[in-house]
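A quick write-up on the structure given underneath.
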Amino acid sequence: MADIELPRPFAFDEFYAMLKKYVNDPKAREALANYDAEAIEGRGQLDDSSTSSELAYDADGIFQQIGWSILVSHGWPIYYDMIQSTGQNHELQMEFLSAAGNFRSIAKLLIRGRKEDDLPRWLREGDTFPDKNFDIYDPASVLRLLRMWSEKHPRHQPYTLTASESAQSPD
-15 MADIELPRPF AFDEFYAMLK KYVNDPKARE ALANYDAEAI EGRGQLDDSS
35 TSSELAYDAD GIFQQIGWSI LVSHGWPIYY DMIQSTGQNH ELQMEFLSAA
85 GNFRSIAKLL IRGRKEDDLP RWLREGDTFP DKNFDIYDPA SVLRLLRMWS
135 EKHPRHQPYT LTASESAQSP D
């Protein structure tokens, strides 16, 4: 296999367009709603087969597949190719998976919004954010979310903010 590197971080405008595509995808929204319903009923902890359902696994898988396909459409390798190409380089593999996970988590927070308060504590993506009123149709709102996300999760971001984007004061 050829050497593989982590793709370049996306500039805000491109990442914002990617998030809009993800958040507005009806299949992604349905998958997340199905997963959340299972989690609320106590059947969503995927790392514990005794407390998870097949529906939760399927819904989570669909949500992940949609997110990865958006990343692929912007230059990332296909998931299988990434796994094969990283081989024994588990650190690089984890960088890919962590960056993709951050992309999914940000999309989840934008889809769920205030509904996140109804979820079990272990499932909340933005539990420590005082304001969850982010709007995917307002670039300034999404930029505010990304600034907060970058502070809380400084490693393995799939996006980059310019100095002026990072320095803007919160609304």
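Numbering (this note's numbering), first residue to last: -15 to 155.
Idealized CB from N, CA, C, for every residue including glycine.
Please classify residue i: is it buried, with 16 or more other beta-carbons within 10 angstroms of its beta-carbon, or exposed?
| i | result |
| --- | --- |
| Thr70 | buried |
| Ala(-5) | exposed |
| Ile50 | buried |
| Gly28 | buried |
| Met66 | buried |
| Ala84 | buried |
| Asp20 | buried |
Report the partner residues of residue i according to the DSSP bridge assignment.
| i | result |
| --- | --- |
| Ser36 | Gly28 |
| Leu(-6) | For the record, residue -6 in the displayed sequence is Phe; it is not Leu. Paired residues: Tyr143. |
Please report the distance separating the alpha-carbon of residue i from that of residue j.
| i | j | result |
| --- | --- | --- |
| Ala12 | Gln72 | 31 Å |
| Asp155 | Arg128 | Below a pLDDT of 50, predicted positions are generally treated as unreliable, and Asp155, at 46, falls in that range; no measurement from the model is reported. |
| Lys92 | Asp(-13) | 32 Å |
| Arg139 | Leu81 | 12 Å |
| His64 | Asp42 | First, the residue type needs correcting, since residue 64 is Tyr and not His in the sequence shown. For Tyr64 and Asp42, the distance between alpha carbons rounds to 18 Å. |
| Asp32 | Ser148 | 43 Å |
Are the Cβ atoms of residue i and residue j separated by less than 9 Å?
| i | j | result |
| --- | --- | --- |
| Gln141 | Asn86 | yes |
| Ile95 | Leu39 | no |
| Leu30 | Asp9 | no |
| Leu55 | Leu(-10) | no |
| Glu22 | Ser37 | yes |
Give me, in chain order, the residues of the same chain whose beta-carbon lies closer than 7 Å to that of residue i; leave out the 5 immediate sequence neighbours on both sides.
| i | result |
| --- | --- |
| Glu143 | Going by the sequence as given, residue 143 is Tyr instead of Glu. Only Pro(-7), Phe(-6), Phe(-4), Phe(-1) and Leu130 meet the Cβ criterion. |
| Gly26 | Thr35 |
| Ser134 | Gln141 and Leu145 |
| Lys5 | Ile54 |
Can you find the residues in the same chain that come closer than 8 Å, C-beta to C-beta, to residue i, ignoring five residues on each side of it along the sequence?
| i | result |
| --- | --- |
| Val126 | Tyr0, Leu3, Leu94, Phe118, Asp119 and Ile120 |
Cutting at 6 Å between CB atoms, please list the residues of its own chain near residue i, excluding the five before and the five after it.
| i | result |
| --- | --- |
| Ser150 | none |
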